[in-house]
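Undergrad:
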């Protein structure tokens, strides 16, 4: 022991006879010990050394008893005792250490805690002192208490919790029921000191609810080794039936002991085993040669010959072993049971309902720790069972018999199931919590069943109301199916499986009685409408109708008046009677620029369809969403400007913009599993319930397997558990006629053991034997018709396979839908090969299978379901298509021949690809058609497949402006994007003119500005451009800023027409937020700037300039076509427009 610790412990004081004398510096030494404990390392060496020094037994308990009046010393000693008695699990992070060294330290701490429990269990005075101290504080009103007094109460409860939490010792587990264990001794001392009365008072007091969670934990630890039924019958004289039951148990134990004694006596012989005899086992061949096996055993042991003798058993990995139940139940002495029964009765009659309400309120309001709801579940299940066996009175437990409590249990169990899957390292802990919640659920149902079978009519009526609500909700009905299907023996114990079997049996029994002779309406869940993709209708409906420029102009002439009326009806979109259209979705994968383009296309479609009001609404909604862009106008846009903007949109060429998905669905997505549809919220509806259809859900291999595992321990199970297993097998095999589902080798092996056990005890296993004989008889009948049934014993089968085993393969058709989607063995083999072929490739696995599968009528859903059925994937979630992926386009031979024929027919047309898409039988996207044409070698250049544009001008009238939305300032990037998306149908000549299309001349734009009163601003612009063109010092690539100097010039920079004029001249808009001014690029060229200066001249001056040119016409050369094109600049309505 550390010398400092030893000196500190010796300086506390000394015990002389029965009196303890403290040293003068006792308080300082106590504080030093607390400091040492606070700074101990992970091995808890200080705690171990203090435990070895017996400081608690020799010093601290005596100080608590004799110096209770010394407040500072009493509080310090109480803190030290609480620290030393802290549970060993908490000292090591809540887990038992797996490391050998750390596990040794854990066992040392645990051993010292058990010694502390023994010491407090044998010291009566300390509990009287502590109890009196707490009583004195409780007599004071809570508002008059000092903070340190409240700490004394809490520390007393924590000390009590620490001592009750200590597990039993090895000697305790070996004691008989009449001998008192260390836990019983501690309970008796607490009873003698009046602690139980103190706990009852605090649990029923409204002012002490802050300690309710501590009290709940202490009550659970009080009763942790007790069984509610045994405790409820303590002190009562058993009746004849109970005495007979106890006698039968004793006879069974005696019979088992006699059988074991005879077996051991048979093994005892003075001779060596080789002298027992040598025999030949006829009909069993040896491993070495073809001769029969020779046995060196006695005759009675020859029947148990096996080649497995002497072999080493295969060990399971630790993480794959079945979880063992470590709960300890023992029968305490009669006095302890009577005392605990009195405590339980007092809690039920005085404070149970209020106490449970306060605890649940703290749990639901998250004022408790994570594991505190487990104590709530344990207390609820124990007292419901205790009340059921002890003069049943429903008013005593009414707080926990509400539907809100059942809902809380159901949600907690579902939560635990999810946490078991997610938190794999703590799966066993979550499994234990789910077991406690299940116990509460079972006791809730048992209480309702007792109410239903009671002679009291009011209880019967209340029970029917509760059952009606329980059976109505789908979550309450199917929770047991979920628990059985999710059972995992690595995370849940056999005790949990037994309780699931008993709860399921009780639920089905009550449900069956409830459904007899009447119609029952229940709630079920169906899939909501969801966002289903629209099916294709026709080729005309799928493809957008293309309009020529003449047709668009003619259409505008028809709708111009209605557009004017629609614009003037209301300036505000909010005043419109129709709903405001949605133009922007921030959660969509489509970029904001693409949504702007699609909005323009949507507006144009409304105009061309004659829906002028909808077009105006879409335009104004888009303007309110993107006011700073200017594409849809600004906040100061007038009605005339709005009509002009609609005119431009109507005449614009927007064929390069891809339509939204809902208007143009892809053919390859038709058969996919729609993720949006699957994730659509479920809705509820009422149906007439069919109990037989509900029982069919239990005819599932995932449900039968846990029952078979439970039946393997039929000798350890009680009679009721075995009855529950046989009853569910009877429902599946006899009632549903799906006994083929029970043809399994593991179940038949259990039946062999049942027959052997029934030979000595036929009464206990009578029901099991009867069912086993019936099932074996059915198997014998089927084996005469189906010889493959012996091979089927090795596999768990589905309901369809079970019917085919008994009735013949290929005869099962559960429904028309199931019959239609049956898979033959050849199709299943093909599906397996295709799955292994595509599962490692980059494309979606199911999409790859659908491209190669022989039966092209198979849908994606059918393929996914079959992959799950044959076990290649665990669930449909593993086959969900990743976000943004597309199914590959399948080109069959007929599609390729049709494409070649259509290309020969329309290759010389104005829009070859558009005409081909309209005539295709199996529709494909434009990009896929272009790629296929190029891959087949029908065309050598992508430019050959673009739509040819017709540019016509009517007399001297300027051409209509064609808007190019979403373009880039970089010509190279624009061309590159057009090539990548295969959606740009304009002529890619490499220059900006080819990318944007024809534009209105500068003269026309200047004339519009003059008419708008911007003549001074145009003149200023002309002077700036002229100055830039005459500056010879500038090099190519320089940008001359266009700086407005007056307010008129500043306001003109925000005018739409003036901005169009700036772009037509070639002036660059600000590229980002850091740039403020427009810039004149010198790289445009002097010739083009001179042309712009000439176009910007006022009409009178321009006329004089033309006359001068006419007078010199003989000397000038005729204007070339390229010079005419050079005068027409491109208007690029980018994001800054």
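Numbering (our numbering), first residue to last: 32 to 1168.
Just so you know, even glycine gets a beta-carbon here, dropped at the ideal spot from N, CA and C.
This structure is a prediction, so every number in the text was calculated from the model and none was measured.
Let me confirm a value: residue 313 is counted as buried when at least 16 other C-beta atoms fall within 10 Å, else exposed. Which label applies?
TA: Walking along the chain shown from the start, residue 313 turns up at place 282. Residue 313 should be labelled exposed.
Undergrad: Classify residue 906: buried if its beta carbon has 16 or more other beta carbons within 10 angstroms, exposed otherwise.
TA: Counted from its first residue, the chain shown places residue 906 at position 875. Exposed is the call here.
Undergrad: Where does residue 1109 fall in DSSP's three states?
TA: Numbered from 1 along the chain shown, position 1078 holds the residue referred to as residue 1109. Correct three-state label for residue 1109: strand.
Undergrad: What is the residue span of the beta strand (DSSP E) that residue 50 lies within?
TA: For this step, residue 50 is matched to residue 19 along the chain shown. From DSSP, the beta strand (DSSP E) with residue 50 extends over 50-53.
Undergrad: Can you check DSSP and say which residues form a bridge with residue 715?
TA: As a working note, residue 715 is residue 684 in the chain shown. BP columns for residue 715 point to 556.
Undergrad: Quick one, which of 1089, 1075, 803, 1085 has its alpha-carbon nearest residue 1042's?
TA: Walking along the chain shown from the start, residue 1042 turns up at place 1011. Looking at the Cα atoms, 1089 is the closest of the given residues.
Undergrad: Would the beta-carbon of residue 361 fall within 8 Å of that of residue 209?
TA: By 1-based counting over the chain shown, the position of residue 361 is 330. By 1-based counting over the chain shown, the position of residue 209 is 178. No, these two residues do not count as a Cβ contact at 8 Å.
Undergrad: Can you tell me which of 912, 442, 952 puts its alpha carbon nearest to the alpha carbon of residue 875?
TA: Counting from one through the chain shown, the residue named residue 875 turns up at place 844. When each option's Cα is compared against that of residue 875, the closest is 912.
Undergrad: Can you list, in chain order, the stretches of the alpha helix (DSSP H) that have 4 or more residues and sit fully within the segment 162-220?
TA: Complete alpha helix (DSSP H) runs here, min 4: 178-196, 201-205.
Undergrad: Return the bridge partner residues of residue 260 from the DSSP annotation.
TA: Taking the first residue of the chain shown as position 1, residue 260 is located at position 229. According to DSSP, which records beta bridges pairwise, residue 260 is partnered with nothing at all.
Undergrad: Count the CB pairs spanning the segment 366-384 and the segment 545-556 that are closer than 8 Å, and state whether there are at least three.
TA: No, the segment 366-384 is not in contact with the segment 545-556.
Undergrad: Span of the beta strand (DSSP E) holding residue 315?
TA: The count along the chain shown starts at 1 and reaches residue 315 at position 284. 310-316 is the span of the beta strand (DSSP E), which, as asked, contains residue 315.
Undergrad: My output table needs one value for residue 825: the three-state DSSP class, helix, strand or coil.
TA: Your numbering for residue 825 matches position 794 in the chain shown. The answer is coil: DSSP assigns residue 825 none of H, G, I, E or B.
Undergrad: Going along the chain, which residues of its own chain have a beta-carbon closer than 7 Å to the beta-carbon of residue 1145, five neighbours each way excluded?
TA: Sequence index remark: in the chain shown, residue 1145 carries index 1114 (1-based). Because the pLDDT at residue 1145 is just 41, under 50, the model does not fix this residue reliably, and the point stays unresolved.
Undergrad: Can you find the residues in the same chain that come closer than 8 Å, C-beta to C-beta, to residue 215, ignoring five residues on each side of it along the sequence?
TA: On the chain shown, position 184 is the one that residue 215 refers to. Here the set comprises 363, 364, 367.
Undergrad: Bridge partners of residue 44, per DSSP?
TA: Numbered from its first residue, the chain shown carries residue 44 at position 13. 53.
Undergrad: State yes or no: is the C-beta of residue 367 nearer than 7 Å to some heavy atom of the ligand NAP?
TA: Questions concerning the ligand NAP fall outside what the structure shown contains, since it holds no ligand whatsoever.
Undergrad: Please report the straight-line C-alpha distance between residue 869 and residue 880, rounded to a whole angstrom.
TA: Counting from 1 along the chain shown, the entry for residue 869 is found at position 838. Counting from 1 along the chain shown, the entry for residue 880 is found at position 849. Taking the straight line from one Cα to the other gives about 7 Å.
Undergrad: Following the continuous beta strand (DSSP E) through residue 676, name the residue where it begins and the one where it ends.
TA: Against the chain shown, residue 676 aligns to sequence position 645. Note, residue 676: premise wrong, no beta strand (DSSP E); alpha helix (DSSP H) at 670-682.
Undergrad: When the Cα of residue 770 is compared with those of 803, 752, 748, 262, which residue comes out closest?
TA: Within the chain shown, the letter at position 739 stands for residue 770. Residue 770 has its Cα closest to that of 803, out of 803, 752, 748, 262.
Undergrad: Residue 978 by DSSP, collapsed to three states: which one?
TA: Along the chain shown, one-based indexing puts residue 978 at 947. Three-state result, residue 978: coil.
Undergrad: What's the call for residue 818, buried or exposed, on a 16-neighbour Cβ count within 10 Å?
TA: If you number the chain shown from 1, residue 818 lands on position 787. Its Cβ having fewer than 16 others within 10 Å, residue 818 is exposed.
Undergrad: Quick one: Cα of residue 498 to Cα of residue 425, how far?
TA: Taking the first residue of the chain shown as position 1, residue 498 is located at position 467. Taking the first residue of the chain shown as position 1, residue 425 is located at position 394. Using only the alpha carbons, I get a separation of about 16 Å.
Undergrad: So is residue 1098 buried or exposed if we call it buried at 16+ other beta carbons inside 10 Å?
TA: Locating residue 1098 in the chain shown gives position 1067, where the first residue counts as 1. Per the 10 Å Cβ criterion, buried.
Undergrad: Going residue by residue through the segment 317-365, where are the continuous beta strand (DSSP E) segments of at least 3 residues, counting only ones entirely within it?
TA: Fully enclosed beta strand (DSSP E) runs of 3 or longer: 323-326.
Undergrad: Rounded to the nearest angstrom, how far is the Cβ of residue 537 from that of residue 476, given a contact under 8 Å?
TA: Start at 1 with the first residue of the chain shown, and residue 537 comes out as number 506. Start at 1 with the first residue of the chain shown, and residue 476 comes out as number 445. With 8 Å as the limit, residue 537 and residue 476 qualify as a contact, their Cβ atoms being about 5 Å apart.
Undergrad: Excluding five sequence neighbours on each side, which residues of the same chain lie with their C-beta closer than 7 Å to the C-beta of residue 176?
TA: Translated into the one-based positions of the chain shown, residue 176 becomes position 145. So the list reads 168, once near-sequence residues are dropped.
Undergrad: Are the CB atoms of residue 855 and residue 901 within a distance shorter than 8 Å?
TA: Position 870 of the chain shown, counted from the first residue, corresponds to residue 901. Position 824 of the chain shown, counted from the first residue, corresponds to residue 855. No, they are not a contact pair.
Undergrad: Here's the rule I'm using: 16 or more other beta-carbon atoms within 10 Å means buried, otherwise exposed. How should residue 43 be labelled?
TA: As a working note, residue 43 is residue 12 in the chain shown. Buried, since its Cβ has 16 or more Cβ neighbours within 10 Å.
Undergrad: Using a beta-carbon distance below 8 Å, is residue 433 in contact with chain C?
TA: Considering every chain present, this structure includes no chain C. It has just one protein chain.
Undergrad: Can you give me the start and stop residues for the alpha helix (DSSP H) that residue 862 sits inside?
TA: Residue numbering aside, residue 862 sits at position 831 when the chain shown is read from its first letter. Taken as a continuous stretch (DSSP letters only), the alpha helix (DSSP H) holding residue 862 covers 856-869.
Undergrad: Would you tell me roughly how many angstroms separate the C-alpha atoms of residue 432 and residue 452, rounded to the nearest one?
TA: As a position in the chain shown, residue 432 is number 401, starting the count at 1. As a position in the chain shown, residue 452 is number 421, starting the count at 1. Distance between the alpha carbons of residue 432 and residue 452 is about 30 Å.
Undergrad: With a 10 Å radius around its C-beta and 16 neighbouring C-beta atoms as the bar for buried, classify residue 839 as buried or exposed.
TA: Position 808 of the chain shown, counted from the first residue, corresponds to residue 839. With fewer than 16 Cβ atoms within 10 Å of its Cβ, residue 839 is classed as exposed.
Undergrad: Alpha carbon to alpha carbon, how far is residue 329 from residue 309?
TA: Taking the chain shown and counting its residues from 1, one reaches residue 329 at position 298. Taking the chain shown and counting its residues from 1, one reaches residue 309 at position 278. About 8 Å.
Undergrad: Helix, strand or coil: how does DSSP classify residue 955 here?
TA: As a first step, residue 955 must be located in the chain shown, where it is residue number 924. Coil.
Undergrad: Does the separation of the CB atoms of residue 231 and residue 112 fall below 8 Å?
TA: To locate residue 231, count along the chain shown from 1; it is residue 200. To locate residue 112, count along the chain shown from 1; it is residue 81. In this structure, residue 112 does not lie closer than 8 Å to residue 231 by Cβ.
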